[in-house]
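Worksheet: one structure, shown below.
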Amino acid sequence: MKFVIATGNPGKVKDFNLILSMMGHEAVSLKDMGVLCDVEETGTTFKENSYIKAKAIYDIVKLPTIADDSGLCVDALNGAPGVYSARYGGEGLDDRGRCLKLLEAMENEENRRACFKSAICCILNDDTVIEVEGECEGVLLKEIVGDNGFGYDPMFYVDKYKKTFGEISKEEKNEISHRRKAMDKLKKELEKVL
95 MKFVIATGNP
105 GKVKDFNLIL
115 SMMGHEAVSL
125 KDMGVLCDVE
135 ETGTTFKENS
145 YIKAKAIYDI
155 VKLPTIADDS
165 GLCVDALNGA
175 PGVYSARYGG
185 EGLDDRGRCL
195 KLLEAMENEE
205 NRRACFKSAI
215 CCILNDDTVI
225 EVEGECEGVL
235 LKEIVGDNGF
245 GYDPMFYVDK
255 YKKTFGEISK
265 EEKNEISHRR
275 KAMDKLKKEL
285 EKVL
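Written as structure tokens, this is what we have:
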């Protein structure tokens with residue numbers, strides 16, 4: 095079965111293809127499908143945004159569609175940046191700029207607990223929608239450490255490796271990441287219905 099991945103990020107398509115190929119299925123990108131669509135994320139939760147994206151693309155392609163939304167939630171900031179993680183600090187900031195903005199916001203905070211959250215929505219057909227979530231807990235450092243990954247990875251410290259996501263390999267991150275946990279749940283749910 096072919097699954098359309100509702101993202102313009104080739105890395106996400108590759109990640110989903112890894113899981114789907116183990117089940118004998120294939121992930122295809124929006125580009126592969128000839129779909130040029132930028133879905134506005136108007137939800138207030140990751141779950142809502144993943145559904146909005148999946149539904150918008152499913153309505154166009156009428157094939158099984160998978161979308162995810164994810165971001166960083168910081169305890170001391172009441173869950174911010176949350177669904178605004180990619181836009182935190184305003185338009186025009188790159189990953190490093192957003193990290194610096196977050197460091198500034200956290201400057202006097204003692205509680206540095208945070209978690210990455212991922213919500214995945216899979217619409218198989220008009221009657222079957224699967225929604226799963228995954229989390230990875232950590233703490234925010236007071237500095238940027240490491241060059242790997244993207245986004246807030248260089249300031250997100252995970253106890254398992256005693257390093258930031260920015261310091262560990264992609265393979266190590268994929269063992270414990272929020273997206274991987276959600277993808278594993280999706281795989282289990284798909285195995286039940288396919």
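Residue numbers (this note's numbering): 95 to 288. Every residue gets a Cβ at the ideal spot worked out from N, C-alpha and C, and that includes glycine. Remember, predicted model here, so these are calculated numbers, not experimental data.
A Cβ-Cβ distance of about 11 Å is found for the pair Val107 and Ile113, leaving them out of contact under the 8 Å criterion. For Arg206, the secondary structure class from DSSP, reduced to helix, strand or coil, is coil.
Pairing Arg207 with Asp169 gives a Cβ-Cβ distance under 7 Å. Its chain contains Gly243, Asp247, Phe250, Lys267 as the residues whose beta carbon lies nearer than 6 Å to that of Phe259, once the 5 sequence neighbours on both sides are disregarded; these appear in chain order. By the Cβ rule, the stretch 166–182 counts as touching the stretch 197–204, because three or more pairs are nearer than 8 Å. DSSP places Ser123 in the strand class (E or B) of the three-state scheme.
The count of Cβ pairs closer than 8 Å, one atom from the stretch 122–129 and one from the stretch 151–160, reaches three, so the stretches are in contact. Val239 has its alpha-carbon roughly 45 Å from the corresponding atom of Asp220. Within the stretch 104–168, the runs of beta strand (DSSP E) that reach at least 3 residues and sit entirely inside it are, in chain order, 120–123, 159–168. Shown here, Ala100 sits in coil according to DSSP, grouped into three states, outside any helix or strand.
The alpha-carbon of Ala213 is positioned some 12 Å away from that of Thr138. Assigned with DSSP and collapsed to three states, Leu284 falls in helix. Counting the other CB atoms within 10 Å of its CB gives Thr159 a total of 16 or more, which places it among the buried residues. The beta carbon of Gly191 sits closer than 8 Å to the beta carbons of Gly183 from its chain, once the five residues preceding and following it are set aside; these are given in chain order. Assignment of Tyr182 by DSSP, reduced to helix, strand and coil, places it in the coil class.
Val177 is classed as buried because its beta carbon has at least 16 other beta carbons within 10 Å across all chains shown. Spanning the alpha carbons of Asn143 and Asp132 requires a straight line of approximately 13 Å.
Asn111 and Glu185 have their C-alpha atoms some 31 Å from each other.
In the DSSP annotation of this structure, the continuous segment of the alpha helix (DSSP H) that includes Gly191 starts and ends at 189–199.
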